[in-house]
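Visitor: Residue numbers for the sequence shown follow the UniProt record's numbering, beginning at 1 and rising by one.
Before anything else, here's the structure in question.
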Amino acid sequence: MVSSGSKLSHISTQSKRESVKVVAQSAEETKVEPIEPIIAAQTVEEAIESKPQQEEEVVIDHFQEYQHVYKIIMIGSSFTGKTSLIHRFVTDSFNTSYMTTVGVDLKSVTLAIQDTLARVNIWDTTGQEKFKSLTKAYFRNCHGAVAVFDLTKRDTFYSLESSIKEFRMNCPLEAQDNIVLVGNKLDLQDQRQIFTDEAHDMCRRLNLCGYFETSANSNINVDMFFYTVALGAFHIEQQIKTEQKLHQDNFFTKINTPAEGTAKQQSGAKSKSNVIVLDKPKGKKKGKQSGCKC
Numbered sequence: 001m002v003s004s005g006s007k008l009s010h011i012s013t014q015s016k017r018e019s020v021k022v023v024a025q026s027a028e029e030t031k032v033e034p035i036e037p038i039i040a041a042q043t044v045e046e047a048i049e050s051k052p053q054q055e056e057e058v059v060i061d062h063f064q065e066y067q068h069v070y071k072i073i074m075i076g077s078s079f080t081g082k083t084s085l086i087h088r089f090v091t092d093s094f095n096t097s098y099m100t101t102v103g104v105d106l107k108s109v110t111l112a113i114q115d116t117l118a119r120v121n122i123w124d125t126t127g128q129e130k131f132k133s134l135t136k137a138y139f140r141n142c143h144g145a146v147a148v149f150d151l152t153k154r155d156t157f158y159s160l161e162s163s164i165k166e167f168r169m170n171c172p173l174e175a176q177d178n179i180v181l182v183g184n185k186l187d188l189q190d191q192r193q194i195f196t197d198e199a200h201d202m203c204r205r206l207n208l209c210g211y212f213e214t215s216a217n218s219n220i221n222v223d224m225f226f227y228t229v230a231l232g233a234f235h236i237e238q239q240i241k242t243e244q245k246l247h248q249d250n251f252f253t254k255i256n257t258p259a260e261g262t263a264k265q266q267s268g269a270k271s272k273s274n275v276i277v278l279d280k281p282k283g284k285k286k287g288k289q290s291g292c293k294c
């Protein structure tokens, strides 16, 4: 769950300076009625600032160090619009000509999360079968995934389940549940083959963290799902740091002796009041992961 104090902004590069822009998209600004429930969409809206009347700009040092670097993978069949979604998010543009992604491609964007800078590297993988062995190698060390299908092509929806399972077999454990499901090409409503309840069912069965219906062409809901997976990576990172600190606190146990002791103890060459005992770390039970609330 994202805390209500979380802030997430989009940063666009301009020469040697960068302007931080709040690009929160409210339900009223979208061109379609919100899908109920869109998992994590409300959470993201609460986490990012409301869009001001005039664009808010904050100048920051272009060479400032990033506090976080996240690797996000796009998975799904060819012709689903993965590349177009990335271009819409990173450059706010849409290319009508189609070019198949060969192997993998990389685009980067900078986000401001809770007053820190995060570099989000978005890896665009091909859906072609002959490159499967190559793309699997890129699943390592990632922080989340965007699973995309075409709302107008049923076969892209059916094949996505195996792609998600393959991703989970090769990605780090903490990234396995930071996956959003995206049904693209919402602007082609008259050709639609996959309906919302079917996608919600997959979301529940596979324990995905959110479902969004999008259009790269019409710029519908594109920012929202990228923000969701980026915030997911951020909070997973914070959770890991908290668990590591708790583990460390359990490992080192400080033992204090009583204030009063015998004369022999008081005259001893060494006091035991500051003895550090390396204790066996206590095993931690994993909490039950929250599933998709579709």
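C-beta: ideal position from N, C-alpha, C; glycine also.
1. I think Ser215 touches Lys185, with their Cβ atoms under 8 angstroms apart; what is that distance to the nearest whole Å?
2. Is Val104 near Tyr138, with beta carbons less than 8 angstroms apart?
3. Going by the CB atoms, is the gap between Asn95 and Leu106 shorter than 8 angstroms?
4. Quick check: the segment 192–211 against the segment 75–86, are at least 3 beta-carbon pairs closer than 8 angstroms?
5. Pop quiz: Gly144 and Ile179 are said to be a contact at Cβ under 8 angstroms. What is the actual Cβ separation, rounded to whole angstroms?
6. Do Val229 and Val146 come within 8 angstroms of each other at the CB atom, strictly closer than that value?
7. Whole-angstrom Cβ separation of Gln191 and Thr152, contact assumed at under 8 angstroms?
8. By the 10 Å Cβ neighbour count, where 16 or more other Cβ atoms means buried, how is Val222 classified, buried or exposed?
9. Locate the alpha helix (DSSP H) running through His87, then write down its first and last residues.
10. Less than 8 angstroms separating the beta-carbons of Phe149 and Ile194?
11. Would you identify the three-state DSSP class for His247, choosing helix, strand or coil?
12. I need the boundaries of the alpha helix (DSSP H) containing Tyr66, first residue and last residue.
13. Let's see if you can read the secondary structure: which residues bound the alpha helix (DSSP H) around Thr196?
14. For Ile164 versus Leu231, is the C-beta spacing smaller than 8 angstroms?
15. Using alpha carbons as the reference points, say which of Thr110, Ser84, Lys245 lies closest to Glu65.
16. What does the Cβ neighbour count give for Asp115, buried or exposed, with the cut at 16 atoms within 10 Å?
17. Measure the CB-CB distance between Lys136 and Glu161 and report whether it falls below 8 angstroms.
18. Among the candidates Gln244, Ile236, Gln189, Ile220, whose CA atom is the shortest distance from the CA of Asp177?
19. Check the C-beta distance from Cys171 over to Ile72 and give it rounded, since I have them as a contact under 8 angstroms.
20. What is the DSSP secondary structure of Ala40, reduced to helix, strand or coil?
21. Under three-state DSSP, which class holds Leu160?
22. Expressed to the nearest angstrom, what Euclidean distance is found between the alpha-carbon atoms of Gln83 and Glu243?
23. In three-state terms, what does DSSP make of Phe212?
24. Distance, Cα to Cα, Ser218 vs Thr125?
25. So, is Tyr158 buried or exposed, given that buried needs 16 or more other C-beta atoms within 10 angstroms?
26. Measuring only the C-alpha atoms, how far is Gln238 from Leu173?
27. Mind checking Arg140: buried by the 16 CB within 10 Å criterion, or exposed?
28. Cutting at 6 angstroms between CB atoms, please list the residues of its own chain near His87, excluding the five before and the five after it.
29. Starting from Lys153, trace the beta strand (DSSP E) in both directions and tell me its first and last residue.
30. Please classify Leu246 as buried or exposed, where buried requires at least 16 other C-beta atoms within 10 Å of its C-beta.
Guide: This is what the structure holds:
1. Right, their Cβ atoms sit about 6 angstroms apart.
2. Contact flag set, yes.
3. Taking 8 angstroms as the Cβ cut-off, Leu106 and Asn95 do not qualify as a contacting pair.
4. The segment 75–86 is not in contact with the segment 192–211.
5. Right, their Cβ atoms sit about 7 angstroms apart.
6. A contact, by the Cβ cut-off of 8 angstroms.
7. Your pair Gln191 and Thr152 checks out as a contact, with CB atoms roughly 4 angstroms apart and the cut at 8 angstroms.
8. Val222 is classed as buried because its beta carbon has at least 16 other beta carbons within 10 Å across all chains shown.
9. Membership of His87 in the alpha helix (DSSP H) is indicated by the continuous run 82–91.
10. Between Phe149 and Ile194, the C-beta gap is smaller than 8 angstroms, which places the two residues in contact.
11. Annotated three-state conformation of His247 is helix, per DSSP.
12. DSSP places Tyr66 in no alpha helix (DSSP H); its state is neither H nor E.
13. Here the alpha helix (DSSP H) through Thr196 covers 196–205.
14. Contact annotation: Ile164 and Leu231 have beta-carbon atoms that are not nearer than 8 angstroms.
15. Thr110 is the residue among Thr110, Ser84, Lys245 whose C-alpha sits nearest the C-alpha of Glu65.
16. Counting the other Cβ atoms within 10 Å of the Cβ of Asp115 gives fewer than 16, which makes it exposed.
17. No, these two residues do not count as a Cβ contact at 8 angstroms.
18. When only C-alpha atoms are compared, the closest one is Ile236.
19. Actually they are not in contact, since the Cβ atoms of Cys171 and Ile72 sit about 11 angstroms apart, beyond 8 angstroms.
20. Caution applies to Ala40, whose pLDDT of 38 falls short of 50 and renders its modelled position unreliable; the value that the coordinates give is listed next. Ala40 falls in the coil class under three-state DSSP.
21. If DSSP states are grouped into helix, strand and coil, Leu160 belongs with the helices.
22. Note on identity: in this sequence residue 83 is Thr, with Gln being the wrong assignment. So the two alpha carbons sit approximately 36 angstroms from each other.
23. Here DSSP, grouped into helix, strand and coil, assigns Phe212 to strand.
24. Taking the straight line from one Cα to the other gives about 23 angstroms.
25. Counting the other CB atoms within 10 Å of its CB gives Tyr158 a total below 16, which places it among the exposed residues.
26. Roughly 15 angstroms between the two C-alpha positions.
27. With fewer than 16 other Cβ atoms from the protein chains shown falling within 10 Å of its own Cβ, Arg140 counts as exposed.
28. Correct list, in chain order: Ser93.
29. Premise fails: Lys153 is in no beta strand (DSSP E) and is neither H nor E.
30. Classification for Leu246: exposed.
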